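Student: Per this note's numbering, residue 17 is the first one in the sequence shown, and the count goes up by one each step.
Positions of the beta carbon are idealized from the N, C-alpha and C atoms, including for glycine.
It should be emphasised that the depicted structure is a prediction, and the values quoted were computed from it without experimental measurement.
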Amino acid sequence: MNAVSPNQAQDLAWLLKGLADEVPVIRGSVLLSSDGMMKAAHGMDRASSEHLAALASGLFSMARSAGAKFDGNNEVRQVVAELKSSQLYLTWAGFNSVLAVLATSEADPAVVGFEMARLIKAVRPFLDTAARPPATAPDDWNR
Numbered sequence: 017m018n019a020v021s022p023n024q025a026q027d028l029a030w031l032l033k034g035l036a037d038e039v040p041v042i043r044g045s046v047l048l049s050s051d052g053m054m055k056a057a058h059g060m061d062r063a064s065s066e067h068l069a070a071l072a073s074g075l076f077s078m079a080r081s082a083g084a085k086f087d088g089n090n091e092v093r094q095v096v097a098e099l100k101s102s103q104l105y106l107t108w109a110g111f112n113s114v115l116a117v118l119a120t121s122e123a124d125p126a127v128v129g130f131e132m133a134r135l136i137k138a139v140r141p142f143l144d145t146a147a148r149p150p151a152t153a154p155d156d157w158n159r
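1) Specify whether the segment 34-51 and the segment 119-128 touch according to this definition: at least 3 beta carbon pairs, one from each stretch, less than 8 Å apart.
2) May I ask you to list the residues that DSSP assigns as paired with residue 54?
3) State the DSSP-derived secondary structure class of residue 62, mapped to helix, strand or coil.
4) On the CB-based measure, 16 or more other CB atoms within 10 Å of its CB, does residue 88 come out buried or exposed?
5) For residue 64 and residue 84, what's the separation of their Cα atoms in angstroms?
6) Closest to residue 100 by C-alpha separation, out of 81, 59, 150, 123, would be which residue?
7) Can you grab the Cα-Cα spacing for the pair residue 81 / residue 52, in whole Å?
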């Protein structure tokens, strides 16, 4: 597996910049691990990028839960939220990875969704996030 550890210093921001260059209505984007750790960002400051990563993780998790309960499967293709002056798109980006894109309200959802899917398909193995090792039990800390 070509999984990228969330702690590995691999810069994937250039991929997100390319997406924004292709779709100018994109205000910012974040590639995150499914547990909310930011892996790469473009178009936003660090605090906003980390905030979006945490929000995206929660929304994506809720969509997976809804799918498991009502669709018999926890696979999520895309989550879209239409805000007052923005649109938020979340999509599965590989093993333990999610791509979050914030676009202007004028964005065409078909174009944004298509370009997100095209990016993911082109580089998906590099977007994977390795599973985290199990947490150490408190009894193991004193050894």
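Tutor: Based on what the coordinates show:
1) Taking a cut-off of 8 Å for Cβ pairs, the segment 34-51 and the segment 119-128 touch, as three or more such pairs fall below it.
2) Taking the sequence shown and counting its residues from 1, the one referred to as residue 54 is at position 38. In the DSSP output, where bridge partners are listed per residue, residue 54 has 48.
3) For the purposes of this step, residue 62 is taken as residue 46 along the sequence shown, with counting starting at 1. Correct three-state label for residue 62: helix.
4) Sequence index remark: in the sequence shown, residue 88 carries index 72 (1-based). Looking at its Cβ environment, which holds fewer than 16 other Cβ atoms inside 10 Å, residue 88 is exposed.
5) One-based indexing of the sequence shown puts residue 64 at position 48. One-based indexing of the sequence shown puts residue 84 at position 68. Computed Cα separation, rounded: 30 Å.
6) Sequence index remark: in the sequence shown, residue 100 carries index 84 (1-based). The shortest Cα separation from residue 100 among 81, 59, 150, 123 belongs to 123.
7) The residue you call residue 81 lines up with position 65 of the sequence shown. The residue you call residue 52 lines up with position 36 of the sequence shown. Taken atom to atom, the span from the alpha-carbon of residue 81 to that of residue 52 is near 16 Å.
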